[in-house]
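Residue numbers (our numbering): 23 to 391. We put the CB at the ideal spot given by N, CA and C, even for glycine.
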Amino acid sequence: MAIYLLKRTLLIFPTLLGIMLISFGIIQFAPGGPVERVIAQIAGTDVSATARISGTPSDGLSSSQQSPTGTGDVGSKYRGAQGLDPGFIKQLEKQFGFDKPAHERFFLMMKSYLLFDFGKSYFRDVSVLQLIKEKLPVSISLGIWMLLITYLISIPLGIRKAVHDGERFDTWTSGVLVIGYAIPGFLVAVLLLVVFAGDSFFQWFPRRGLTSDNWNELSLLGKVTDYFWHLTLPLIAMTLGTFTTMAFLTRNSFLDEIRKQYVMTAKAKGLGQSQVLYGHVFRNAMLLIIAGFPSAFIHAFFSGSLLIETIFSLDGIGLLSFESVINRDYPVVFASIYILALLGLAINLLSDFIYTLVDPRIDFETREV
Numbered sequence: 023m024a025i026y027l028l029k030r031t032l033l034i035f036p037t038l039l040g041i042m043l044i045s046f047g048i049i050q051f052a053p054g055g056p057v058e059r060v061i062a063q064i065a066g067t068d069v070s071a072t073a074r075i076s077g078t079p080s081d082g083l084s085s086s087q088q089s090p091t092g093t094g095d096v097g098s099k100y101r102g103a104q105g106l107d108p109g110f111i112k113q114l115e116k117q118f119g120f121d122k123p124a125h126e127r128f129f130l131m132m133k134s135y136l137l138f139d140f141g142k143s144y145f146r147d148v149s150v151l152q153l154i155k156e157k158l159p160v161s162i163s164l165g166i167w168m169l170l171i172t173y174l175i176s177i178p179l180g181i182r183k184a185v186h187d188g189e190r191f192d193t194w195t196s197g198v199l200v201i202g203y204a205i206p207g208f209l210v211a212v213l214l215l216v217v218f219a220g221d222s223f224f225q226w227f228p229r230r231g232l233t234s235d236n237w238n239e240l241s242l243l244g245k246v247t248d249y250f251w252h253l254t255l256p257l258i259a260m261t262l263g264t265f266t267t268m269a270f271l272t273r274n275s276f277l278d279e280i281r282k283q284y285v286m287t288a289k290a291k292g293l294g295q296s297q298v299l300y301g302h303v304f305r306n307a308m309l310l311i312i313a314g315f316p317s318a319f320i321h322a323f324f325s326g327s328l329l330i331e332t333i334f335s336l337d338g339i340g341l342l343s344f345e346s347v348i349n350r351d352y353p354v355v356f357a358s359i360y361i362l363a364l365l366g367l368a369i370n371l372l373s374d375f376i377y378t379l380v381d382p383r384i385d386f387e388t389r390e391v
């Protein structure tokens, strides 16, 4: 197992390089860019999709050290640049790193990223790493509690549904889960806001943010209570879909194992239901659930929280990444891709290790990497 983990660890680097190379190549063909955005701001035609970025054209030129990422070639014609001083356009290209060929920009970017130096945001005049640190607490809060709630509730529920397959409990819980899954998370979020945090019905929960304005004045118990008070509605909206999926996955996985011959043999030997279920079935059925953990982790921390963060005004990584793509803030975009890919590869490696803990019979070293 140690040799296999070492091989997988070494494969992280070429895999990460390939992901970044593909992402960088796609960006080269994407329309628009930071230069075009500054030109549009000057011309008064900027149509940025987000209002949270308060930068001005000068913000993009306020720092002499920028991340060497982005698109565009020196000397290319930019839409809306007619009438502007060519020297100013050249200055913009140099400021955003477009005065270098694409392969050189990519090499410099990866060289910096290996040292976790992600440069500065084009339009926020702050380092990318500082931006991520500011947004990370929100994403960590949502992600960790979402995963804990999903696994701690849906797995026992799925096991019980498998044991009572076809009975009344299995039938009515399946109906409730299907209805919950059919309702989009963002719609649930809006409904929760209207009912429990609005002026029409109840005002039991806050409408926005992760903490109250008087957070620093609260006692330790008060801070903990205030923290979970703010998290309640976003977590309910986020966990609804993943909770349903995990419950059905657990049920079907355990149901498939329960019907196998070795379970019948164990029961014939006089073993009780709990002994059979947790002594024999559990470790085999859990392998499929463990396999889905990496995607669940990434979904919880990044992609799954975008709409919820927007609705509840929670400024996290998901919203930051979306805004950066819309506003062509390439240092933030590439840093997000890099961190997301690195985390995903590391979690996949961790999943393989957990496999061997759940079922020691698995030997990855006997197969090709």
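Closest by CA to Ile198, which one among Ala211, Leu179, Val216, Thr37?
-> Translated into positions along the sequence shown, residue 198 becomes position 176. Checking the sequence, you will find Val at residue 198 rather than Ile. Closest by alpha carbon: Leu179.
Measure the alpha-carbon distance for Tyr29 versus Pro36 and round it to whole angstroms.
-> Residue mapping note: residue 29 aligns to position 7 of the sequence shown, counting from 1. Residue mapping note: residue 36 aligns to position 14 of the sequence shown, counting from 1. Sequence inspection shows Lys at residue 29; the Tyr mentioned does not correspond to that position. A direct Cα-to-Cα measurement between Lys29 and Pro36 gives close to 12 Å.
With 16 other Cβ atoms within 10 Å as the buried cut-off, status of Ala71 | Locating residue 71 in the sequence shown gives position 49, counting from the first residue. Low confidence applies to Ala71: its pLDDT is 46, below 50, so where it sits in the model is not reliable, and the reading given next is rough at best. Exposed, since its Cβ has fewer than 16 Cβ neighbours within 10 Å.
Would you check if the distance between the CB atom of Ile280 and the CB atom of Ala124 is smaller than 9 Å?
-> The residue you call residue 280 lines up with position 258 of the sequence shown. The residue you call residue 124 lines up with position 102 of the sequence shown. For Ile280 and Ala124, no; Cβs fall outside 9 Å.
Contact under 9 Å by Cβ, Met168 with Met260 = Start at 1 with the first residue of the sequence shown, and residue 168 comes out as number 146. Start at 1 with the first residue of the sequence shown, and residue 260 comes out as number 238. Result yes, Cβ atoms of Met168 and Met260 sit closer than 9 Å.
Per DSSP, Gln225 forms a beta bridge with which residues?
-> For this step, residue 225 is matched to residue 203 along the sequence shown. Answer by DSSP bridge pairing, in chain order: Ala219.
DSSP state of Thr37 mapped onto helix, strand, coil = In the sequence shown, counting from the first residue as 1, residue 37 sits at position 15. Shown here, Thr37 sits in a helix according to DSSP, grouped into three states.
Neighbourhood of Leu242 by C-beta distance below 8 Å, restricted to the same chain and skipping five residues each side | As a position in the sequence shown, residue 242 is number 220, starting the count at 1. Cβ neighbours of Leu242 beyond the five flanking positions: none.
Rounded straight-line distance, which links the Cα of Leu164 to that of Ser222 | By 1-based counting over the sequence shown, the position of residue 222 is 200. By 1-based counting over the sequence shown, the position of residue 164 is 142. Approximately 27 Å between the Cα atoms of the pair.
Are the beta-carbon atoms of Thr264 and Ala318 separated by less than 9 Å?
-> Your numbering for residue 264 matches position 242 in the sequence shown. Your numbering for residue 318 matches position 296 in the sequence shown. The beta carbons of Thr264 and Ala318 sit closer together than 9 Å.
Report the rounded CA-to-CA distance for Ile369 versus Pro256, giving the unit in angstroms.
-> For the purposes of this step, residue 369 is identified with residue 347 of the sequence shown, where counting begins at 1. For the purposes of this step, residue 256 is identified with residue 234 of the sequence shown, where counting begins at 1. Approximately 25 Å, taken between the alpha carbons.
Cα-Cα, which of Arg230, Tyr249, Pro228 is closest to Asn238?
-> What you label residue 238 is simply residue 216 of the sequence shown in a count that begins at 1. Ranked by Cα distance from Asn238, the first of Arg230, Tyr249, Pro228 is Tyr249.
Below 7 Å CB to CB, which residues in the same chain sit around Pro90 once its five sequence neighbours on both sides are set aside?
-> Position 68 of the sequence shown holds residue 90. Note that Pro90 scores 42 on pLDDT, short of 50, meaning its location in the model is unreliable; the coordinates nonetheless yield the value given after this. So the qualifying residues of the chain are Gly119, Lys122, Arg127, Leu130, Met131.
Whole-angstrom C-beta distance between Gly231 and Ser335, which should lie under 8 Å | Working through the sequence shown from its first residue, we reach residue 335 at position 313. Working through the sequence shown from its first residue, we reach residue 231 at position 209. Indeed they touch by this definition, with Cβ atoms about 6 Å apart.
Cα-Cα separation between Ile348 and Ala52, rounded to whole angstroms | Position 326 of the sequence shown holds residue 348. Position 30 of the sequence shown holds residue 52. Spanning the alpha carbons of Ile348 and Ala52 requires a straight line of approximately 11 Å.
The alpha helix (DSSP H) spanning Ile154 covers which residue range?
-> What you label residue 154 is simply residue 132 of the sequence shown in a count that begins at 1. From DSSP, the alpha helix (DSSP H) with Ile154 extends over 150-185.
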